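Following the numbering used here, the residues of the sequence shown are numbered contiguously, the last one being 335. Report on the structure given below.
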Amino acid sequence: MNRDIWVFAENFGGRPAPVYGELVRKANEMREKMQEARVCGVVLGKDVDGLAAAASVQGVDTVYVMDHPKLDTLDACVLKEAFAALIRAYNPEVVLVGATALGAELAPGIAGKLKTGLAAHCVDIEVTEKRINCMVPAFGGRVISEIYVPATRPVMASVRPGIFDAPEPAGAGAPVTAGNPSTQVVRADSSFLDSVTSPVEMIAFEQDAPSADLRLEDADIVVCAGRGVSTQEDFENVKALAGKLNAAFGCTRSFVDLGFVPDESRMIGTSGKSVKPQLFLGFGISGAAHHTCGMNKSKLVITVNRDEKARMFANSDYGVVGDAGKVVSALLKQL
Ligand SMILES: Cc1cc2nc3c(=O)[nH]c(=O)nc-3n(C[C@H](O)[C@H](O)[C@H](O)COP(=O)(O)OP(=O)(O)OC[C@H]3O[C@@H](n4cnc5c(N)ncnc54)[C@H](O)[C@@H]3O)c2cc1C
């Protein structure tokens with residue numbers, strides 16, 4: 001085994017998914033504490049020379065590529081065979097995967113196949129003299145647990161997009177597709193995939209129609225509802241407030257669980273979106289780490305909670321102790 005740190009470059013229309021840059025940056029921080037470690041990208045797909053070049057960014061020593069017609073898929077059953085074969089061939093110490101829809105399915109599949117450990121939905125990774133600790137919120141987000149993999153390798157970790165900082169932007173006008181000439185590209189044998197079959201048949205790929213709603217990730221203002229917004233009327237008022245402020249509406253997991261919002265696309269936190277607005281307005285949120293790690297890079301945070309001891313106040317610049325519904329109504333009247 002070597003000390004390499006691998007980062008999966010998921011194919012987003014011919015370019016690595018944005019989380020790749022975030023993980024490469026983190027991997028470079030980690031390597032400073034891991035003697036002789038290299039940072040490597042992993043590219044899987046069909047005709048992926050362009051993707052391999054785009055993954056050859058600064059800070060990446062080697063890009064491992066497996067190119068095969070069967071890898072032109074979102075089928076994690078096939079992709080995990082390719083990824084696991086690469087790991088067996090080159091023995092990295094750490095594998096980082098973005099917890100995107102595909103990555104969140106792929107990472108446990110690879111870990112299971114290799115019988116190694118995976119820390120899912122990490123909010124940080126720390127290298128100490130003795131081990132690699134992956135921080136994962138536990139017990140409803142009340143504690144951050146340190147998860148480490150004692151004996152087996154590689155250590156695998158998945159991380160939501162937006163949890164780690166993005167790389168510094170390249171200088172104005174710098175080429176983004178040219179690749180880094182000092183990065184070595186290694187093409188691995190993929191012929192074994194000819195005989196790999198999957199229980200999944202991909203029938204069609206349909207992309208969601210772009211939503212007219214402001215994307216949480218892009219918004220300058222986010223208005224977020226927590227369980228303390230307990231009535232349908234208050235909930236609608238929080239959404240109306242978001243509309244008035246030209247803000248994106250977000251929520252905690254409570255609303256997804258209650259069925260107030262149909263899916264996780266508006267949820268903020270480890271298993272939802274990460275936001276970094278100029279202003280975050282939160283109503284009736286307790287402050288569980290699963291939620292706060294998705295909003296704690298917001299510039300100014302103002303929250304309302306009727307419990308003056310709510311943990312959310314520790315993550316806020318200004319706090320209002322009071323009833324969320326009443327504060328929202330009062331704000332709406334003012335606007
Ligand atoms: C693996 C895993 C992943 C998770 N991922 C996420 C995630 O991505 N995002 C996420 O949000 N959660 C996530 N969770 C759940 C998370 O741990 C918390 O349970 C959740 O964030 C709590 O939501 P909440 O603050 O809305 O509700 P609660 O914790 O129930 O808090 C409600 C708050 O409202 C206050 N309140 C009550 N009534 C009023 C009122 N009238 N006016 C003002 N304040 C009031 C209360 O004092 C309390 O502080 C995850 C959990 C697990 C186990």
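Note that the Cβ used here is the ideal one computed from N, Cα and C, for glycine as well. These figures come from a predicted structure and were not determined experimentally.
(Q) Quick check on the DSSP output: the alpha helix (DSSP H) that includes Val78 runs from which residue to which? (A) Along the sequence shown, read from residue 1 onward, the residue named residue 78 stands at position 78. Annotation for Val78: the continuous alpha helix (DSSP H) segment containing it runs 76–90.
Q: Measure the Cβ-Cβ separation of Arg31 and Val43 and say whether it is below 8 Å.
A: One-based indexing of the sequence shown puts residue 31 at position 31. One-based indexing of the sequence shown puts residue 43 at position 43. Cβ atoms of Arg31 and Val43: not closer than 8 Å.
Q: Answer yes or no: the CB of Val222 versus the heavy atoms of ligand 1, is any distance below 7 Å?
A: Residue numbering aside, residue 222 sits at position 222 when the sequence shown is read from its first letter. No, Cβ of Val222 sits at least 7 Å from all heavy atoms of ligand 1.
Q: Following the continuous alpha helix (DSSP H) through Arg25, name the residue where it begins and the one where it ends.
A: Looking up residue 25 in the sequence shown gives position 25. Per DSSP, the continuous alpha helix (DSSP H) segment holding Arg25 begins and ends at 18–31.
Q | Cβ pair count under 8 Å reaching 3, the segment 142–152 against the segment 111–126 | A | Counting Cβ pairs under 8 Å, three or more are found: they touch.
(Q) DSSP has Thr62 in a bridge; who is on the other side? (A) Indexing the sequence shown from 1 puts residue 62 at position 62. Paired residues: Cys40, Gln184.
Q: Report yes if the C-beta distance between Val304 and Asp317 is below 8 Å; otherwise report no.
A: In the sequence shown, counting from the first residue as 1, residue 304 sits at position 304. In the sequence shown, counting from the first residue as 1, residue 317 sits at position 317. Taking 8 Å as the Cβ cut-off, Val304 and Asp317 do not qualify as a contacting pair.
Q: Please classify His290: does DSSP put it in a helix, a strand, or coil?
A: What you label residue 290 is simply residue 290 of the sequence shown in a count that begins at 1. The answer is helix: DSSP assigns His290 an H, G or I state.
Q.
Using C-beta distances below 8 Å, list every residue in its chain close to Val143, excluding the 5 sequence neighbours before and after it, in chain order.
A. Indexing the sequence shown from 1 puts residue 143 at position 143. Contacts found: Pro137, Ala289.
Q) How close, in whole Å, do the beta carbons of Phe249 and Val223 come, if the pair is a contact with beta carbons under 8 Å? A) Working through the sequence shown from its first residue, we reach residue 249 at position 249. Working through the sequence shown from its first residue, we reach residue 223 at position 223. Distance from Phe249 to Val223 at the Cβ level is roughly 6 Å; contact confirmed, criterion being Cβ atoms closer than 8 Å.
(Q) At a cut-off of 7 Å, would you count Asp323 as near ligand 1, judging by its Cβ distance to the nearest heavy atom? (A) Stepping through the sequence shown from its first residue, residue 323 is reached at position 323. Yes, since a heavy atom of ligand 1 falls inside the 7 Å radius drawn around the Cβ of Asp323.
Q) What's the gap between the Cα of Val261 and the Cα of Val95? A) The count along the sequence shown starts at 1 and reaches residue 261 at position 261. The count along the sequence shown starts at 1 and reaches residue 95 at position 95. Just so you know, the alpha carbons of Val261 and Val95 end up roughly 34 Å apart.
Q: To the nearest angstrom, report how far apart Phe280 and Arg253 are at their CA atoms.
A: Within the sequence shown, the letter at position 280 stands for residue 280. Within the sequence shown, the letter at position 253 stands for residue 253. Rounded to the nearest angstrom, the two C-alpha atoms are 17 Å apart.
Q) Would you call Gly259 buried or exposed, if buried means 16 or more other Cβ atoms sit within 10 Å of its Cβ? A) Sequence index remark: in the sequence shown, residue 259 carries index 259 (1-based). By the neighbour-count rule (16 or more Cβ atoms within 10 Å), Gly259 is not buried but exposed.
Q.
Taking the beta strand (DSSP E) that Glu10 belongs to, which residues open and close that run?
A. Reading the sequence shown from its first residue, position 10 is the one you call residue 10. For Glu10, no beta strand (DSSP E) segment is defined, and its DSSP state is neither H nor E.
Q.
Nearest by alpha-carbon distance to Glu264: which of Gln334, Glu129, Arg215 is it?
A. The count along the sequence shown starts at 1 and reaches residue 264 at position 264. Nearest Cα to Glu264 within the set Gln334, Glu129, Arg215: Arg215.
Q) Leu281 by DSSP, collapsed to three states: which one? A) Reading the sequence shown from its first residue, position 281 is the one you call residue 281. Strand.
Q: Name the two residues that bound the continuous beta strand (DSSP E) containing Ile144.
A: On the sequence shown, residue 144 is found 144 positions in, with the first residue counted as 1. Ile144 -> beta strand (DSSP E) spans 143–147.
Q: Name the two residues that bound the continuous beta strand (DSSP E) containing Glu126.
A: As a first step, residue 126 is located in the sequence shown; it is residue number 126 there, counting from the start. The continuous beta strand (DSSP E) containing Glu126 extends over residues 124–127.
Q.
Taking 7 Å as the cut-off, is the C-beta of Arg227 nearer than that to any heavy atom in ligand 3?
A. This structure lacks ligand 3; its bound ligands are ligand 1.
Q. For Leu118, does the three-state DSSP call read helix, strand or coil?
A. Locating residue 118 in the sequence shown gives position 118, counting from the first residue. The answer is strand: DSSP assigns Leu118 an E or B state.
Q. So the beta strand (DSSP E) Gly250 belongs to, where does it begin and stop?
A. Along the sequence shown, read from residue 1 onward, the residue named residue 250 stands at position 250. First-last of the beta strand (DSSP E) with Gly250: 248–251.
Q) For the alpha helix (DSSP H) that Ser198 lies in, which residues bound it at each end? A) What you label residue 198 is simply residue 198 of the sequence shown in a count that begins at 1. Per DSSP, Ser198 lies in no alpha helix (DSSP H) segment and is marked neither H nor E.
(Q) Rounding to the nearest angstrom, what Cα-Cα distance links Val327 and Asn237 in this structure? (A) Locating residue 327 in the sequence shown gives position 327, counting from the first residue. Locating residue 237 in the sequence shown gives position 237, counting from the first residue. Val327 and Asn237: Cα-Cα distance of roughly 10 Å.
Q. What residues match up with Ile203 in a beta bridge as DSSP calls it?
A. Within the sequence shown, the letter at position 203 stands for residue 203. Ile203 is not bridged to any residue.
Q | the segment 180–191 in contact with the segment 123–134 per 3-pair CB rule at 8 Å | A | Proximity of the segment 180–191 to the segment 123–134 falls short of the contact definition, fewer than three beta-carbon pairs being nearer than 8 Å.
Q.
Since Lys70 and Leu193 should fall inside the 8 Å C-beta cutoff, what is the C-beta to C-beta distance between them, to a whole number of angstroms?
A. Taking the first residue of the sequence shown as position 1, residue 70 is located at position 70. Taking the first residue of the sequence shown as position 1, residue 193 is located at position 193. Indeed, because the Cβ distance is near 5 Å, the residues count as touching under 8 Å.
Q: Return the Cβ separation of Ala55 and Tyr90 in integer angstroms, given the expectation that the two are a contact with Cβ distance under 8 Å.
A: Position 55 of the sequence shown, counting from 1, holds the residue named residue 55. Position 90 of the sequence shown, counting from 1, holds the residue named residue 90. Not a contact, Cβ separation roughly 16 Å.
Q: Helix, strand or coil for Asp307, going by three-state DSSP, please let me know.
A: As a first step, residue 307 must be located in the sequence shown, where it is residue number 307. When secondary structure is reduced to three states using DSSP, Asp307 falls in the coil class, being assigned neither helix nor strand.
Q | Distance cut-off 7 Å: Arg253 Cβ against heavy atoms of ligand 1 | A | Residue numbering aside, residue 253 sits at position 253 when the sequence shown is read from its first letter. Correct: Arg253 has its Cβ closer than 7 Å to ligand 1.
(Q) Cutting at 8 Å between CB atoms, please list the residues of its own chain near Phe205, excluding the five before and the five after it. (A) Taking the sequence shown and counting its residues from 1, one reaches residue 205 at position 205. Taken in chain order, the residues that qualify are Leu74.
Q.
Measuring only the C-alpha atoms, how far is Arg227 from Gly284?
A. For this step, residue 227 is matched to residue 227 along the sequence shown. For this step, residue 284 is matched to residue 284 along the sequence shown. So the two alpha carbons sit approximately 6 Å from each other.
(Q) Is it buried or exposed, Asn11, if we count other Cβ atoms within 10 angstroms and call 16 or more buried? (A) Looking up residue 11 in the sequence shown gives position 11. Looking at its Cβ environment, which holds 16 or more other Cβ atoms inside 10 Å, Asn11 is buried.
Q | Exposure of Arg88, with buried meaning 16 or more beta-carbon neighbours within 10 Å | A | By one-based count along the sequence shown, residue 88 stands at place 88. Answer is exposed; the Cβ neighbour count stays below 16.
Q) Thinking just about the alpha-carbon of each residue, which of Leu331, Leu79, Lys113 is nearest to the one in Lys239? A) Here the question's residue 239 lines up with position 239 in the sequence shown. Comparing Cα positions, the closest option is Leu331.
Q. So who's on the other strand from Asn133, going by DSSP bridges?
A. Counted from its first residue, the sequence shown places residue 133 at position 133. Answer by DSSP bridge pairing, in chain order: Glu126.
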